[in-house]
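The block underneath contains the structure these notes are about, expressed in structure tokens.
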Amino acid sequence: MRTLIDLPVSLSRDSALPLSVQLGDWLREAMRAGALTAGTRLPSSRGLAAQLGVSRTVVTEAYQQLYAEGWLDGRHGSGTFVADLSTDAAPPARQTPAPPVAEPVRRAAPLIDLTPGEPWVKDYDAAAWKRAWRKAADLPPGDDPDPYGLPRLRELLAGHLRRSRAIAVGPENILVTRGTGNGLDLVALALLGPGARAGVEDPGYRVARNVFAARGATIVPCPVDEDGVIVSGLPSDLRVLYTTPAHQYPMGGRLPIPRRERLLAWARRTGAMVVEDDYDAEFRYDVAPLPALYGLDPSRVVLLGTLSKSLAPDVGVGWLVGEPALLSRIAEIRQDLSDRTSGPVQQAVATLLERGDLDRHLRRMRLEYARRRAAVVEILGPVCRLRGDTAGLHVLAELPPSEVRGIVSAAASRGVLLDTTVRHHHAESQVHGLVIGYGSAALPDVRRGCQILAELIAAAS
1 MRTLIDLPVS
11 LSRDSALPLS
21 VQLGDWLREA
31 MRAGALTAGT
41 RLPSSRGLAA
51 QLGVSRTVVT
61 EAYQQLYAEG
71 WLDGRHGSGT
81 FVADLSTDAA
91 PPARQTPAPP
101 VAEPVRRAAP
111 LIDLTPGEPW
121 VKDYDAAAWK
131 RAWRKAADLP
141 PGDDPDPYGL
151 PRLRELLAGH
161 LRRSRAIAVG
171 PENILVTRGT
181 GNGLDLVALA
191 LLGPGARAGV
201 EDPGYRVARN
211 VFAARGATIV
221 PCPVDEDGVI
231 VSGLPSDLRV
241 LYTTPAHQYP
251 MGGRLPIPRR
261 ERLLAWARRT
271 GAMVVEDDYD
281 AEFRYDVAPL
291 PALYGLDPSR
301 VVLLGTLSKS
311 LAPDVGVGWL
321 VGEPALLSRI
331 AEIRQDLSDR
341 TSGPVQQAVA
351 TLLERGDLDR
361 HLRRMRLEYA
371 RRRAAVVEIL
381 GPVCRLRGDT
391 AGLHVLAELP
401 PSEVRGIVSA
411 AASRGVLLDT
421 TVRHHHAESQ
431 VHGLVIGYGS
441 AALPDVRRGC
451 QILAELIAAA
461 S
């Protein structure tokens with residue numbers, strides 16, 4: 001049974017530490033010491049602020065930090081509770097053993113999927129979702145699909161990008177796609193041709209390699225380091241370069257500002273177009289957002305975005321941001337191929353944006369993913385080097401090449417599914433390790449899976 005208590009907190013305005021940090025430290029220590037146990041309901045931010053004589057912002061900031069670290073649990077409107085951080089299951093009740101009559105059938109433990117690429121789709125606002133689809137159903141079916149997408153949705157997406165990525169765009173800069181794969185294909189049709197050289201990060205997103213190759217392009221693997229694509233090694237004859245600067249996939253780097261400027265200078269010098277995949281830029285932890293490449297030079301960049309990570313993969317809506325002349329060419333290609341994005345789906349997404357439901361979902365999931373990321377770092381950080389833990393829905397755990405295959409096999413035998421860097425390389429792997437996704441597994445499963453993995457890594461060392 002969950003209980004509600006008063007907190008005997010004392011804060012000092014003379015301390016060098018901000019009040020919110022003091023409060024967070026006090027609560028964290030109380031939970032470590034067992035004074036605040038799992039399931040204890042904490043006062044509301046308004047109530048605790050009144051009790052302590054501080055602004056509500058002080059309490060809200062402390063609570064948000066503890067949510068991000070995984071110490072707190074709860075949802076808006078239901079209260080704030082101390083999270084259950086235990087991992088051991090309660091011992092089974094004593095039972096009188098029955099005479100053995102047959103060998104019992106052992107139930108396999110449920111799999112814990114720590115492979116990357118999938119978001120958490122079980123925690124959504126059902127009322128908002130139904131409302132969006134009811135609104136879409138109220139509208140008559142269209143008879144002449146706009147190759148750019150619904151004007152209303154393009155206008156709302158422009159506002160969303162201005163708020164979330166500080167990109168000064170209007171609806172004339174946006175074409176609605178069915179997702180990143182569709183956007184890549186349209187870019188390939190507009191900018192590439194048989195034999196054209198297309199650069200793709202190595203290791204990198206294999207769908208980009210597959211799409212460009214399917215359209216006849218020659219794939220040029222472009223090495224990356226812990227910060228992202230290495231600009232100094234880029235060839236001068238690339239027609240297109242695909243890159244993931246917000247959170248490199250799968251290495252996890254964030255392309256620094258000086259390297260972004262060098263990349264754009266390279267594009268201007270060579271005439272190449274940079275295809276910027278902004279796929280999980282909404283999820284950042286402990287770091288400030290970096291400007292999108294598109295915002296630094298719209299003439300040399302095409303930006304791709306999608307709802308597959310921020311909402312759900314099967315929604316099937318994304319966007320392509322570019323200069324009007326390029327979008328006009330792509331729109332003509334869409335019409336020639338009868339390629340289109342579902343009108344009712346666009347209407348539903350427009351409603352989610354218009355009512356602020358998507359923004360609220362993103363804020364809620366940002367906190368949820370931050371808790372899972374904190375668990376991964378807490379458990380695996382001491383046993384291996386982690387890359388890319390400041391953003392996104394995955395981290396890279398570097399391991400010696402000789403250990404990777406055995407650890408993946410041993411983890412699978414204990415019900416934990418893992419991915420390696422092998423399939424993300426164009427040729428032979430240069431970086432070895434595990435690409436650990438924490439988007440699609442619940443927090444207790446993330447913890448349990450990482451603990452199993454930590455045991456296996458420690459045993460292999």
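In full-length UniProt numbering, the protein residues as written are 1 to 461.
Quick reminder that beta carbons are idealized off the backbone N, C-alpha and C, glycines included.
Where the alpha helix (DSSP H) containing residue i begins and where it ends
i	result
residue 180	180-191
residue 273	Unbroken run through residue 273 is the beta strand (DSSP E), 273-277; no alpha helix (DSSP H).
residue 481	Outside the shown range of the chain, which is 1 to 461, sits residue 481, and nothing can be said about it.
residue 162	151-165
residue 404	401-413
residue 24	19-33
residue 134	126-138
Which of helix, strand or coil DSSP assigns to residue i
i	result
residue 384	coil
residue 71	coil
residue 449	helix
residue 246	coil
residue 198	strand
residue 59	helix
residue 115	coil
residue 295	helix
residue 419	strand
residue 89	Residue placement at residue 89 is poorly supported in this model, since its pLDDT is 37, which falls under 50; the coordinates are not used for a value here.
residue 238	coil
residue 391	strand
residue 169	coil
residue 47	helix
residue 251	coil
Distance between beta carbons of residue j and residue i, contact taken as under 8 angstroms
i	j	result
residue 376	residue 438	6 angstroms
residue 458	residue 383	5 angstroms
residue 426	residue 219	7 angstroms
residue 449	residue 404	About 16 angstroms; that fails the 8 angstroms criterion.
residue 240	residue 213	Rounded, the Cβ-Cβ distance is 12 angstroms, inconsistent with contact.
residue 252	residue 396	5 angstroms
residue 275	residue 317	Going by Cβ atoms, the distance from residue 275 to residue 317 rounds to 19 angstroms, so no, they are not a contact pair.
residue 168	residue 347	With 8 angstroms as the limit, residue 168 and residue 347 do not qualify as a contact, their Cβ atoms being about 26 angstroms apart.
residue 353	residue 156	4 angstroms
residue 371	residue 70	4 angstroms
One or two residues paired with residue i in a DSSP bridge
i	result
residue 286	In the DSSP output, where bridge partners are listed per residue, residue 286 has none listed.
residue 214	DSSP lists no partner for residue 214.
residue 345	Residue 345 pairs with nothing; no bridge assigned.
residue 224	229
residue 177	318
residue 219	198
Bounding residues of the beta strand (DSSP E) (the contiguous stretch that carries residue i)
i	result
residue 394	394-398
residue 319	318-321
residue 304	301-306
residue 337	That residue, residue 337, is in no beta strand (DSSP E); its alpha helix (DSSP H) goes 324-337.
residue 462	Given that the chain is displayed from residue 1 to residue 461, the structure contains no residue 462 and the question cannot be resolved.
Determine contact between the stretch 166-178 and the stretch 314-332, defined as no fewer than three beta-carbon pairs at a distance below 8 angstroms.
-> They touch, by the three-pair rule.
Do the stretch 183-197 and the stretch 150-166 touch if we need at least three Cβ pairs shorter than 8 angstroms?
-> Counting C-beta pairs with one atom in each stretch, the stretch 183-197 and the stretch 150-166 have fewer than three that are closer than 8 angstroms, which means they do not touch.
Taking three-plus beta-carbon pairs below 8 angstroms as touching, is the stretch 53-67 in contact with the stretch 21-39?
-> The count of Cβ pairs closer than 8 angstroms, one atom from the stretch 53-67 and one from the stretch 21-39, reaches three, so the stretches are in contact.
Validate contact between the stretch 279-299 and the stretch 383-393 using beta carbons, cut 8 angstroms, 3 pairs = Under the three-pair Cβ rule at 8 angstroms, the stretch 279-299 counts as touching the stretch 383-393.
Counting pairs of Cβ atoms below 8 angstroms between the stretch 290-309 and the stretch 139-149, do you hit three or more?
-> Not touching, per the Cβ criterion.
For the stretch 221-229 and the stretch 191-207, state whether three or more C-beta atom pairs, one from each stretch, are separated by less than 8 angstroms.
-> With the cut-off at 8 angstroms, the stretch 221-229 and the stretch 191-207 touch.
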